[in-house]
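Take 2 as the starting number for the sequence shown in the numbering used here and just add one per residue.
Heads up: the structure comes next, in C-alpha cells.
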Amino acid sequence: MTGVILAGGRSSRFGENKAFATFQGVPLIERVVSVMGALFQDLLVVTNTPEEYSSWNIPLITDHQPYQGPLGAIATALEKTSKEGIIVVACDMPMLVPEILTHIMKQAKASYPAVVPIHDGVREYLMAYYAKSLLPLMQQSLQKGHYSLKEFCALLPRVAWVPIDGNSWLNVNTKKDLESLEEHYAR
2 MTGVILAGGR SSRFGENKAF ATFQGVPLIE RVVSVMGALF QDLLVVTNTP
52 EEYSSWNIPL ITDHQPYQGP LGAIATALEK TSKEGIIVVA CDMPMLVPEI
102 LTHIMKQAKA SYPAVVPIHD GVREYLMAYY AKSLLPLMQQ SLQKGHYSLK
152 EFCALLPRVA WVPIDGNSWL NVNTKKDLES LEEHYAR
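Structure follows, in C-alpha cells:
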C-alpha cells in the first residue's frame, strides 16, 4: 500500500496553508509525515502548490484534478501508485496515531475496495483505504462533476465501516480549532 497525505485544499477557513500551522511547536504536515513515514515505504503528498513544499524532503505529486476536492486528489494518487491501494489521510490531523492506520490496513486486506473509519456515527472519508480498482469509477464521477467522497462511497457495493476510538480523526479547519486543541492538550 501507498501512504497518501492530502495537502491540496485551499485552506479558505484557515486563511493560509494550514499544513504549515504548528501544533505543540510542530507543523501539522510534519506530524502527519512522521506517522505515515513510519508505516509506509511508499509515501506521497498530493498538493496543488508543490512550490510551497520545495524545502521539505517529502515526495510530492501535483493534483491532476486541482480543486475537485479530495476525490480528485485521491484519483491522482491512485493513478500514481503501483500498489493495490492507498491509505489516505489529511495533512491537518495532528492527533493521528499509527495504530488506527494499522487497523485500517488489516481491514483492507480483507478485500474491501474501501475501508472507512466511523466514530460516533461520523464517517471519516479522509482517513481511509481506497483500492486502485476504484480509479475508473472515481474518474467517471469526476467527469460527471460529482466530487463528494461521501456520495462516491455510497455508490460502492462493499465498504468496510470500521469503528474507531480515540481522537486520530480530529482535523483542523480554522485557527480557532487549532487554538482549542492547543488549549485542551496543554493541560
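Just so you know, even glycine gets a beta-carbon here, dropped at the ideal spot from N, CA and C.
The beta carbon of L179 lies closer than 7 angstroms to those of A22, F24, V173 in the same chain, with the five residues before and after it left out.
Counting along the chain, the unbroken beta strand (DSSP E) around P164 starts and ends at 161–164. In the same chain as P28, and ignoring 5 residues on each side of it, the C-beta atoms closer than 6 angstroms to its own belong to F21, in chain order. Distance from the Cα of A8 is smallest, within the candidate group E52, D43, Q42, for E52.
Put simply, of M37, V46, L79 the residue whose alpha carbon is nearest the alpha carbon of I101 is M37. For H104, the enclosing alpha helix (DSSP H) starts and ends at 99–109. The three-state secondary structure of R14, taken from DSSP, is coil.
Taking C-beta separations shorter than 6 angstroms and ignoring five residues to either side along the sequence, the partners of A161 in its chain run Q108, Y113, V116, following chain order. Non-local beta-carbon contacts of V34 in its own chain, meaning distances under 6 angstroms to residues more than five positions away in sequence, involve I59 in chain order. Following the DSSP letters along the chain, one finds I75 in no beta strand (DSSP E) but inside the alpha helix (DSSP H) bounded by residues 70–81. In the three-state reduction of the DSSP assignment, L45 falls in the strand class. DSSP places M37 inside the alpha helix (DSSP H), whose first and last residues are 29–40.
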